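Structure first, commentary second.
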Amino acid sequence: MDSVARVPEDKQSGRRSNRDEKISLSRFSTIRIRSTLADSSLLAKPLRQSRNTVCAAPGYLNHSPAIHTPADLAGQNCLMFNLHDRPRVWELGDEEVVVSGNYRTDSSLAIRQSLLNGAGVGLVPRFLVQQELDNGALVALLPEYPPKPYTLFALFPPGRKQPTKVRLLLEHLDEHLGDEPYWE
Numbered sequence: 001m002d003s004v005a006r007v008p009e010d011k012q013s014g015r016r017s018n019r020d021e022k023i024s025l026s027r028f029s030t031i032r033i034r035s036t037l038a039d040s041s042l043l044a045k046p047l048r049q050s051r052n053t054v055c056a057a058p059g060y061l062n063h064s065p066a067i068h069t070p071a072d073l074a075g076q077n078c079l080m081f082n083l084h085d086r087p088r089v090w091e092l093g094d095e096e097v098v099v100s101g102n103y104r105t106d107s108s109l110a111i112r113q114s115l116l117n118g119a120g121v122g123l124v125p126r127f128l129v130q131q132e133l134d135n136g137a138l139v140a141l142l143p144e145y146p147p148k149p150y151t152l153f154a155l156f157p158p159g160r161k162q163p164t165k166v167r168l169l170l171e172h173l174d175e176h177l178g179d180e181p182y183w184e
């Protein structure tokens, strides 16, 4: 089991920031993929709708109370994503549940790894864990209470013609994300 599972509540946090992750396309242009928009001078192109999913590793579930409703999350070690407006509040279906746990980070990749290590329950982007859900490394929880969908955006600087690399990447994303991505 991951060391996160042995740390008292709210004692671990991480900064492997989704906030600053970007793909450098040239010396003068960048593109960022985000699920939330802050006030910014950047241009935003919506790419598609996506969803989060609640999940955990079988090893964690074997040693924790059963999870049948959102209220059952109250007794779980929930891995929290700091970049949400309210990281301790998970909106599942029409319900809001206040969660607690010993790990908070601003990296969904760090939460994914902690889930795989059996550290707790997470609310993560479905596309990050679909393969693990398919192969049984993670188990989807509370499918009757789906989180609200959100939009993924490509952000890029305004004020000049889009460099060819940016334009080609946006076209590639449009083509390969499609109307119904593989992870949905």
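Using full-length UniProt numbering, you'd call the opening residue of the sequence shown number 1 and step up by one each time. The beta carbon of each residue, even a glycine, is placed where N, CA and C say it ideally should be. Remember, predicted model here, so these are calculated numbers, not experimental data.
Contact between P163 and L43 is absent: CB atoms are separated by about 13 Å, not below the 8 Å threshold.
A119 and E95 have their alpha carbons spaced roughly 24 Å apart. With a cutoff of 8 Å on beta-carbon distance, P70 and V97 are scored as near each other. For A56, the uninterrupted beta strand (DSSP E) run begins and ends at 52 to 56, by DSSP. According to the DSSP assignment, V129 belongs to no beta strand (DSSP E) but to the alpha helix (DSSP H) extending over 126 to 135. Looking only at A57, E132, F127, F156, the smallest Cα-Cα distance to Y150 is reached by F127. For L138, there is no enclosing beta strand (DSSP E), as DSSP marks it with neither H nor E. In the same chain as V54, and ignoring 5 residues on each side of it, the C-beta atoms closer than 6 Å to its own belong to L123, L141, L142, in chain order.
Looking at the DSSP output, E95 sits in a beta bridge with L92.
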